[in-house]
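S.K.: Residue numbers (the numbering used here): 612 to 1093.
Can you read through this structure? Questions will come right after.
Shown next as structure tokens:
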């Protein structure tokens, strides 16, 4: 990005709330049902029906607002946002316009310059629209069908202030926001299922200029990486337009992942085009202090707080604490292990290494892991007692992960007890010394790597079961006596 311009980015994130029923009716929010199975006269907008607000939606909206440092407004109301589209059965969407449930919050993100605060303008509740299913390609569809299962799904829209200055900051903001929403349990944030969707507004302006440039809105980005790439492309596109003497047009553009470019969809609507007016079927929402305090008391420890506590309480490096608190289930698993085995750094090493590797390889969620935290602790205790070596521990760990068996049972079944009998080890060491005279000479000549080679040969002979500390000492004693 040229130094002559400053990037200005604001993000609008829609998060589906993890309620069992929709926002204004009792229909299920379960994903993946056959088209139009989770519908009723209310969410289909049939005449004579009346919406009834789901209290759990309000609870979750308040919880999200508190976690994102917002003011919870005692008075808010629902409005009808009018527009005509086939997936909107009422021809309006129930949303919140001028009086949202939450306002004036912020998220803190880590940047190369340090911690940066990104303001949150507002959080409001609204219902989702349906989904169009096109037969054939989008540009040459032979027919378009409508699935109304998603109609009435409860959403919160989280609107940032235009405080973001780089595409990388946008990605960091989204990552932090997703982490917080998952921690407090108000949304599963599954982007593949549409539980988390992001639109981005981006403009550029000459450095030092106070007025914003003309913005474009970017839609249809299915990952945080796609958001970052779309913003990078759009910034360069706008810069080129201005440098060639043109004007940036306010419009909505879509990100084409296959072409790696943004494409114009339509000229951008202004808020007035939606003809908002208060919904006459829903009274204003009054949220008292006791309601807010009750939700606040139920709020779990948030990611940044947990990360800071892990550094302070467990003496972990900041990097370890960051990895372990990336998700709430991972952090809980770590703490359950430490409750059984006090060496937090040792537990951290195993979880950050083999545990996360196997999770990726097996494509598992932490909740699906068979290995109990107590078993990891018991495996580490077996290492401390000299029952198994660190090399054998890897074999035991993988077996525990796959089967959920106790480490003692695995060691017994597979005959993995560490060899710590000095006479037995001496016999194997002498055999290795005899078979590797050149390595022995290297050790005598002060080449430290050679001793490691010989230790490796002993471990090979014992299939990893020899006590490496004892082997090392016996080797040195025997070679020095030659």
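C-beta: ideal position from N, C-alpha, C; glycine also.
For residue 627, report the span of its beta strand (DSSP E) as first-last.
M.R.: 616–627
S.K.: CB-CB under 7 Å to residue 613, same chain, minus the five flanking residues each way: which ones, in chain order?
M.R.: Only weak support exists for where residue 613 lies, its pLDDT of 47 falling under 50; the coordinates are left without a value.
S.K.: Specify the secondary structure class of residue 1084 as computed by DSSP and reduced to three states.
M.R.: helix
S.K.: Rounded to the nearest angstrom, how far is the Cβ of residue 826 from that of residue 838, given a contact under 8 Å?
M.R.: Their Cβ separation, rounded to whole angstroms, is 15 Å, which puts residue 826 and residue 838 out of contact at 8 Å.
S.K.: Name the two residues that bound the continuous beta strand (DSSP E) containing residue 815.
M.R.: 807–817
S.K.: To the nearest angstrom, how far is it from the Cα of residue 1071 to the Cα of residue 1064?
M.R.: Straight-line Cα distance between these residues: approximately 10 Å.
S.K.: Answer with buried or exposed for residue 1074, where buried requires no fewer than 16 other C-beta atoms within 10 angstroms of its C-beta.
M.R.: The residue is exposed, with fewer than 16 neighbouring Cβ atoms inside 10 Å.
S.K.: Please report the straight-line C-alpha distance between residue 928 and residue 963, rounded to a whole angstrom.
M.R.: 13 Å
S.K.: Alpha carbon to alpha carbon, how far is residue 818 from residue 619?
M.R.: 11 Å
S.K.: Can you tell which of 1054, 680, 684 has the C-alpha that lies nearest to the C-alpha of residue 729?
M.R.: That would be 680, whose Cα lies nearest to the Cα of residue 729.
S.K.: Check whether the segment 1001–1013 touches the segment 1036–1043, counting contact only when three or more Cβ pairs, one atom from each stretch, lie closer than 8 Å.
M.R.: Fewer than three beta-carbon pairs drawn from the segment 1001–1013 and the segment 1036–1043 are found closer than 8 Å, and the two stretches are therefore not classed as touching.
S.K.: Applying the criterion that 16 or more other CB atoms from any shown protein chain within 10 Å of the CB defines a buried residue, is residue 864 buried or exposed?
M.R.: buried
S.K.: Using C-beta distances below 6 Å, list every residue in its chain close to residue 1021, excluding the 5 sequence neighbours before and after it, in chain order.
M.R.: Correct list, in chain order: 1007, 1010.
S.K.: Suppose the cutoff is 6 Å on Cβ atoms and the five residues either side in sequence are ignored; what does the same chain contact list for residue 974 look like?
M.R.: None.
S.K.: On the criterion of 16 or more Cβ atoms from any shown chain inside 10 Å, does residue 1086 qualify as buried, or is it exposed?
M.R.: buried
S.K.: Do the segment 626–639 and the segment 660–667 touch if we need at least three Cβ pairs shorter than 8 Å?
M.R.: yes
S.K.: Quick one: what does DSSP say residue 802 is sitting in, helix, strand or coil?
M.R.: coil
S.K.: Might you give, ordered along the chain, the residues of its own chain that have their beta carbon closer than 7 Å to the beta carbon of residue 718, omitting 5 neighbours on each side?
M.R.: 679, 729, 731, 784, 787, 788
S.K.: I'd like to know whether the C-beta atoms of residue 1055 and residue 1014 end up nearer to each other than 8 Å.
M.R.: For residue 1055 and residue 1014, no; Cβs fall outside 8 Å.
S.K.: Residue 1091 to residue 1058, Cα distance in whole Å?
M.R.: 14 Å
S.K.: Does the pairing of the segment 799–807 with the segment 916–935 give three or more beta-carbon distances under 8 Å?
M.R.: no
S.K.: With DSSP collapsed to three states, give me the class of residue 688.
M.R.: coil
S.K.: Would you mind reading off the limits of the beta strand (DSSP E) that contains residue 754?
M.R.: Per DSSP, the unbroken beta strand (DSSP E) holding residue 754 starts and ends at 754–758.
S.K.: Grab the span of the alpha helix (DSSP H) containing residue 1021 for me, first residue to last.
M.R.: 1018–1025
S.K.: Return the first residue and the last residue of the beta strand (DSSP E) that residue 786 is part of.
M.R.: No beta strand (DSSP E) contains residue 786, which is instead part of the alpha helix (DSSP H) from 778–795.
S.K.: Within the same chain, show all residues whose beta-carbon is closer than 7 Å to that of residue 888, passing over the 5 residues directly before and after it, in chain order.
M.R.: 690, 691
S.K.: In angstroms with no decimal places, state the Cα-to-Cα distance between residue 950 and residue 655.
M.R.: 51 Å
S.K.: Whole angstroms are fine: how far does the CA of residue 808 sit from the CA of residue 740?
M.R.: 13 Å
S.K.: Assign residue 1001 to one of three DSSP states: helix, strand, or coil.
M.R.: helix
S.K.: Taking only three categories from DSSP, how would you classify residue 986?
M.R.: helix
S.K.: Report yes if the C-beta distance between residue 622 and residue 811 is below 8 Å; otherwise report no.
M.R.: yes
S.K.: Assign residue 755 to buried or exposed, taking buried as 16 or more other Cβ atoms, counted over all protein chains shown, within 10 Å of its Cβ.
M.R.: exposed
S.K.: State the Cα-Cα distance for the pair residue 704 and residue 670, rounded to the nearest angstrom.
M.R.: 21 Å
S.K.: Specify the secondary structure class of residue 710 as computed by DSSP and reduced to three states.
M.R.: coil
S.K.: How many Å lie between residue 866 and residue 645 at the Cα?
M.R.: 29 Å
S.K.: Straight-line CA distance for residue 983 to residue 847?
M.R.: 50 Å
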